[in-house]
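Below: the structure, in C-alpha cells.
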Amino acid sequence: MNSNKANRMSIFLITCCAVLMAGILLGLVGYILYQGFSHISLRFLTSDASAFLAGGGIKNQLWNSFYILFITMLFTVPLGIAGGIYMAEYAKPNKLTGFMRSCLEVLSSLPSIIVGMFGMLVFVNFFHWEYSILSGALALTVFNLPVIVRVCEDALRSVPQDQRLSGLALGLTKWHTIKKVLLPAAFPGILTGLILSAGRVFGESAALLFTAGLSTPNLDFTNWNPLAPNSPLNVFRSAETLSVHIWAVNADSIIPDAKQVAYGAAAVLVLCILLFNVSARCLGRLVERKMTGK
Amino acid sequence: MIVKNGESSLDHKTVNRRLIKENVSYRTFLSRNSENRGKILIFICASLIMAATMSITLFLTLQGIRSFTVDGLNPIKFLTGIHWNPESHQHASYGALPFIFGSFTVTILAALIAAPIGIGSALFMTEIAKTWGQKMLQPVIEILVGIPSVVYGLIGLSVIVPFIRSQFGGLGFGMLAAAIVVGIMILPTVASLAADAIKSVPDEWRQASYALGATKWQTIYKVVIPAALPSLLTAVVLGMARAFGEALAVQMVIGNAKVLPHSLIEPAATLTTMITLSMGHTTDGSVLNDALWSLGLILLIMTYIFIILIRFLSKRGRLS
Chain A
1 MNSNKANRMS IFLITCCAVL MAGILLGLVG YILYQGFSHI SLRFLTSDAS AFLAGGGIKN
61 QLWNSFYILF ITMLFTVPLG IAGGIYMAEY AKPNKLTGFM RSCLEVLSSL PSIIVGMFGM
121 LVFVNFFHWE YSILSGALAL TVFNLPVIVR VCEDALRSVP QDQRLSGLAL GLTKWHTIKK
181 VLLPAAFPGI LTGLILSAGR VFGESAALLF TAGLSTPNLD FTNWNPLAPN SPLNVFRSAE
241 TLSVHIWAVN ADSIIPDAKQ VAYGAAAVLV LCILLFNVSA RCLGRLVERK MTGK
Chain B
1 MIVKNGESSL DHKTVNRRLI KENVSYRTFL SRNSENRGKI LIFICASLIM AATMSITLFL
61 TLQGIRSFTV DGLNPIKFLT GIHWNPESHQ HASYGALPFI FGSFTVTILA ALIAAPIGIG
121 SALFMTEIAK TWGQKMLQPV IEILVGIPSV VYGLIGLSVI VPFIRSQFGG LGFGMLAAAI
181 VVGIMILPTV ASLAADAIKS VPDEWRQASY ALGATKWQTI YKVVIPAALP SLLTAVVLGM
241 ARAFGEALAV QMVIGNAKVL PHSLIEPAAT LTTMITLSMG HTTDGSVLND ALWSLGLILL
301 IMTYIFIILI RFLSKRGRLS
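Line order of the protein sequences matches chains A and B.
With the UniProt record's numbering as the guide, the letters of the first sequence map in order to residues 1 to 294.
With the UniProt record's numbering as the guide, the letters of the second sequence map in order to residues 1 to 320.
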C-alpha cells in the first residue's frame with residue numbers, strides 16, 4: 001500500500017518535471033513572439049538602427065548576421081568535413097588520435113567568451129584586422145568547428161561498412177571511395193548537422209563582442225564593391241550582429257524604445273532559428289528520400 | 001590506295017588516342033597520387049584543428065600570467081583579495097575573489113535548479129511515457145538548446161528580475177536571477193544527456209526488478225538511477241561547465257556590482273561579466289587589461305578542470 005502510494009507520487013512528480021520543461025519552452029517562445037510580433041514590420045526590418053531616437057530598425061544587423069554566418073560557413077565546412085573524415089576514416093587508434101580527440105573536446109567545451117578573447121588577441125590585435133567581419137568569422141569558426149567535425153564523423157560512421165568494402169573491392173583507392181561513395185551516402189546527415197550548427201552560429205554573441213565589434217559603419221546597399229569601406233560586402237569593416245544588438249540595446253543604449261527594439265530583434269532571431277531547425281529536418285529528409293529513391 | 005591508307009591510319013590513330021585517353025582517366029581513378037593528395041589535405045586540416053586548440057591554450061596562458069610577471073601583482077592576493085578597485089591611482093587593488101565566488105555560486109545554484117528538472121524530464125522520456133513522451137520532449141529539448149543566450153538574458157531581464165523584485169524586494173538583480181536564467185539555459189543539455197544515460201541501462205535489469213515485485217518508482221531509484229549515476233553526473237557537470245562560461249545572459253541580470261554580495265538578491269558579478277563589461281574599455285597593456293586576461297585564464301583553467309572531471313566520471317561509468 002505504502003510503496004504503491006510512493007510510486008504514484010513519484011510518477012506524478014516526474015511528469016511535473018516534463019510538463020514544466022515543455023511549459024518553459026512554450027512560455028519562452030510564446031512570450032518573445034507575443035512581445036516582439038507587434039514591433040516587427042517591414043519598416044523595422046529595412047531601416048537603420050538609430051543611436052538616440054525612437055523608431056530604429058535592424059536592417060544592418062540582420063544583414064551582418066547572415067553575412068558573418070556565410071563567411072563562417074565558408075571556413076568551417078571544408079575544415080570540419082576534413083576533420084570528420086580524418087576522425088572517421090584515417091585516424092588509427094594511437095596517441096595522436098587520442099590527442100586530437102582531446103583537442104576537439106577542449107574546443108567544444110571552451111566558453112564562447114574565451115574564444116572571443118582569443119580572437120581579439122590573434123585576429124584583432126596581432127594581425128591588425130581590427131574589429132571586423134573577418135575576425136568575427138574566424139572566431140566563430142573556432143567555436144563551430146568541433147560541432148561540424150562531430151556531425152561529419154557520426155554521419156560517416158553510420159554509413160554501412162559494406163559500402164566501404166565494395167568501393168575498395170572495385171579497386172578504388174581509399175580517398176576515391178571516401179569522395180565518391182561515403183561522402184554522398186553521408187550527405188543528408190552532414191547537411192542536417194550543418195544547418196543546425198548554423199542556427200547556433202547565428203545566435204552567438206559573446207564570441208563576437210571583441211572580434212566583430214559593437215558598431216556598424218553607414219552601409220550603402222548600392223555599393224557592392226567588396227573593398228569599399230561602406231560596402232555591405234567588405235569583410236574588414238566592423239559589424240554588429242542581431243544578437244549582439246539585442247545585448248547592446250539592453251546594456252548601454254539611450255534610445256527610448258530599447259525594450260521594443262530588443263523584443264522585436266529577439267523575435268526575429270528566434271524565428272530565424274526555428275526556421276533553421278525546421279529546414280534542417282525537412283531538407284535532410286528530402287535529400288535522403290531523393291538519394292535512396294524511396 | 002594511298003588516300004585509303006591514310007584514312008585507315010588516321011582511323012587507327014583516333015582509336016588509339018581514345019584508348020589512351022580512357023587509359024589516362026582510368027589511371028587517375030586508381031592512381032596513388034590522388035590518394036596522397038587527399039591524405040595530405042585531410043592531415044593538414046586535422047593538424048590545423050590541433051594547432052588552434054594548442055594556440056588558444058598557449059596564448060591565453062601567456063597573456064593571462066602577464067599581470068603577475070610584468071605588472072608584479074601578487075597571485076595569492078589576486079585570488080583572495082575582495083577589493084577590485086583599479087581606478088584609484090594610489091591604492092589600486094585587484095582582488096578577484098568576488099567574481100570567482102559569484103561564478104561558483106551561480107554555477108552551483110544553476111545545477112541545483114537544472115539537475116532535478118532535467119533528470120526528471122529524462123526519466124519521463126525514457127521510463128514513464130516511452131513512445132509519446134520521447135516524441136513530445138525531443139523537439140522541445142532541441143529547440144531550447146538552439147535558443148541564443150541573449151534571448152534567455154532578455155527574458156530574465158523582463159520577467160525574472162521584476163518577479164524577484166516584487167517577491168523579495170530590492171532591485172531584483174543578483175545571483176538568484178542569474179542562477180535561474182542559467183539554470184533554464186542548461187536544462188536541455190542536462191535533460192538530453194541524462195536521457196541518453198538512462199537509455200543505456202540494459203532492459204533486463206528493469207525486468208529483473210519488476211519480476212521481484214518492485215514498483216516502477218522502486219525500479220527507477222534502486223536500479224536505473226544507481227546504474228546510470230556516473231553518466232548522470234557527467235550530464236550535470238557538462239551543464240555546469242556551460243553555466244560557468246556563460247557571459248551575456250548572466251551580465252544582463254546579475255547587476256554588475258564589484259563587491260562580495262551579502263545575499264542572493266543583491267547585485268554581484270562573475271568572471272565572465274567582468275570581462276564582458278571592462279574588456280572593451282581598457283587600453284592594451286594596462287594593468288587593468290592584464291588583470292582581465294588573468295580572469296580569462298581562471299576561466300580557461302576551470303574549463304580544463306571540468307574536462308578532467310568529466311573524463312574521470314565517464315571512465316567510472318564504463319567500469320560499472
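Every residue, glycine too, gets a C-beta built ideally from N, C-alpha and C.
As the structure is a computational prediction, the values presented were derived from the model and not from experiment.
Which chain A residues sit within Cβ distance under 8 Å of residue i?
i: Thr-303 (chain B); result: Val-106, Ser-109, Leu-110, Pro-111, Ile-114
i: Met-50 (chain B); result: Phe-99, Met-100, Cys-103
i: Leu-123 (chain B); result: Ile-14, Cys-17
i: Ser-294 (chain B); result: Chain A residues near Ser-294 (chain B): none, gap ~12 Å exceeds 8 Å.
Quick check: what's the CA-CA separation for residue i versus residue j?
i: Ile-198 (chain B); j: Leu-274 (chain A); result: 28 Å
i: Leu-319 (chain B); j: Leu-58 (chain B); result: For Leu-319 (chain B), the pLDDT reaches just 47, beneath the cut-off of 50, and the residue's location in the model is therefore unreliable, although a value from the coordinates is still provided. Distance between the alpha carbons of Leu-319 (chain B) and Leu-58 (chain B) is about 34 Å.
i: Arg-285 (chain A); j: Glu-142 (chain B); result: 17 Å
i: Pro-111 (chain A); j: Thr-270 (chain B); result: 14 Å
i: Ser-209 (chain B); j: Tyr-152 (chain B); result: 41 Å
i: Asp-196 (chain B); j: His-262 (chain B); result: 39 Å
i: Phe-75 (chain A); j: Glu-153 (chain A); result: 18 Å
i: Leu-112 (chain B); j: Gly-171 (chain A); result: 57 Å
i: Ala-212 (chain A); j: Glu-240 (chain A); result: 7 Å
i: Cys-17 (chain A); j: Val-70 (chain B); result: 52 Å
i: Ser-8 (chain B); j: Ile-49 (chain B); result: The predicted position of Ser-8 (chain B) is uncertain, since its pLDDT is 47 and thus under 50; no value can be drawn from it.
i: Phe-187 (chain A); j: Leu-283 (chain A); result: 11 Å
i: Gly-6 (chain B); j: Trp-224 (chain A); result: Caution applies to Gly-6 (chain B), whose pLDDT of 44 falls short of 50 and renders its modelled position unreliable; the value that the coordinates give is listed next. Straight-line Cα distance between these residues: approximately 59 Å.
i: Trp-175 (chain A); j: Gly-98 (chain A); result: 23 Å
i: Gln-251 (chain B); j: Phe-101 (chain B); result: 15 Å
i: His-83 (chain B); j: Ala-92 (chain B); result: 9 Å
i: Ile-20 (chain B); j: Tyr-90 (chain A); result: Bear in mind that the predicted position of Ile-20 (chain B) carries a pLDDT of just 48, short of 50, making it too unreliable to give a figure here.
i: Leu-299 (chain B); j: Thr-173 (chain A); result: 46 Å
i: Leu-13 (chain A); j: Gly-27 (chain A); result: 20 Å
i: Asn-4 (chain A); j: Ala-211 (chain B); result: 16 Å
i: Val-159 (chain B); j: Val-181 (chain B); result: 10 Å
i: Ala-280 (chain A); j: Cys-272 (chain A); result: 12 Å
Strictly by DSSP, which residues pair up with residue i?
i: Asn-85 (chain B); result: B:Ser-93
i: Ala-268 (chain B); result: B:Gly-255
So with CB distances below 8 Å, who are the chain B contacts of residue i?
i: Asn-277 (chain A); result: Glu-142, Ile-143, Gly-146
i: Gly-199 (chain A); result: Gly-146
i: Val-142 (chain A); result: Ala-52, Ile-56
Which two residues bound the contiguous alpha helix (DSSP H) that contains residue i?
i: Thr-97 (chain A); result: 95 to 109
i: Phe-37 (chain A); result: 2 to 37
i: Asp-162 (chain A); result: 161 to 169
i: Phe-70 (chain A); result: 59 to 85
i: Ala-228 (chain B); result: 225 to 245
i: Phe-44 (chain A); result: 42 to 46
i: His-245 (chain A); result: 242 to 252
i: Ile-164 (chain B); result: 161 to 168
On a Cα-Cα basis, can you pick out the residue from the options that is closest to residue i?
i: Pro-148 (chain B); options: B:Ile-128, B:Val-140, B:Met-185, B:Lys-135; result: B:Met-185
i: Val-236 (chain B); options: B:Pro-116, B:Thr-69, B:Ile-56, B:Ser-47; result: B:Pro-116
i: Leu-60 (chain B); options: A:Lys-290, A:Gly-116, A:Thr-72; result: A:Gly-116
i: Phe-276 (chain A); options: A:Met-9, A:Val-19, A:Gly-203; result: A:Gly-203
i: Met-136 (chain B); options: B:Val-145, B:Ser-121, B:Gly-146, B:Val-150; result: B:Ser-121
i: Ala-257 (chain B); options: B:Met-125, B:Pro-98, B:Arg-66; result: B:Pro-98
i: Gly-172 (chain B); options: B:Val-182, B:Ser-294, B:Val-161, B:Ala-178; result: B:Val-161
i: His-39 (chain A); options: A:Ile-24, A:Ile-58, A:Leu-28; result: A:Ile-58
i: Val-259 (chain B); options: B:Ala-96, B:Ile-56, B:Asn-36; result: B:Ala-96
i: Arg-200 (chain A); options: A:Val-122, A:Lys-92, A:Val-270; result: A:Val-270
i: Ala-228 (chain B); options: B:Ser-47, B:Leu-313, B:His-91; result: B:Leu-313
i: residue 295 (chain A); options: A:Ile-71, A:Thr-15, A:Leu-26; result: This structure leaves residue 295 (chain A) out entirely; chain A is present only between 1 and 294.
i: Val-181 (chain A); options: A:Leu-165, A:Thr-192, A:Val-147; result: A:Leu-165
i: Gly-156 (chain B); options: A:Thr-15, A:Ala-262, A:Phe-66; result: A:Ala-262
Using a Cβ cut-off of 7 Å, pull out every chain B residue sitting near residue i, in sequence order please.
i: Asn-270 (chain A); result: The identity of residue 270 (chain A) in the sequence shown is Val, whereas the question assumes Asn. Correct list: Ile-147, Val-151.
i: Leu-121 (chain A); result: Phe-59, Gln-63
i: Phe-118 (chain A); result: Ile-56, Phe-59, Leu-60
Using a threshold of 7 Å, is the CB atom of residue i nearer than that to any non-hydrogen atom of the ligand ATP?
i: Ala-262 (chain A); result: Here there are no bound small molecules, and the ligand ATP is not part of this structure.
Going along chain A, which residues have a C-beta under 9 Å from residue i?
i: Asp-71 (chain B); result: The premise fails here: Asp-71 (chain B) is roughly 17 Å from chain A at the closest Cβ pair, so nothing lies under 9 Å.
i: Met-136 (chain B); result: Ala-18, Ala-22
i: Met-274 (chain B); result: The contacting residues do not exist; Met-274 (chain B) stays about 11 Å from chain A at best.
Name the chain B residues whose beta carbon is nearer than 9 Å to that of residue i?
i: Tyr-90 (chain A); result: Lys-39, Ile-42, Phe-43, Ala-46
i: Glu-204 (chain A); result: Pro-148, Ser-149
i: Leu-227 (chain A); result: Under the 9 Å cutoff, chain B gives no residues; its nearest Cβ is about 27 Å from Leu-227 (chain A).
Name the chain A residues whose beta carbon is nearer than 7 Å to that of residue i?
i: Trp-217 (chain B); result: Ala-6, Asn-7, Ser-10, Ile-11
i: Met-279 (chain B); result: Phe-210
Is residue i close to chain C? Criterion is C-beta to C-beta, closer than 8 Å.
i: Phe-306 (chain B); result: Any reference to chain C falls outside this structure, whose protein chains are A and B.
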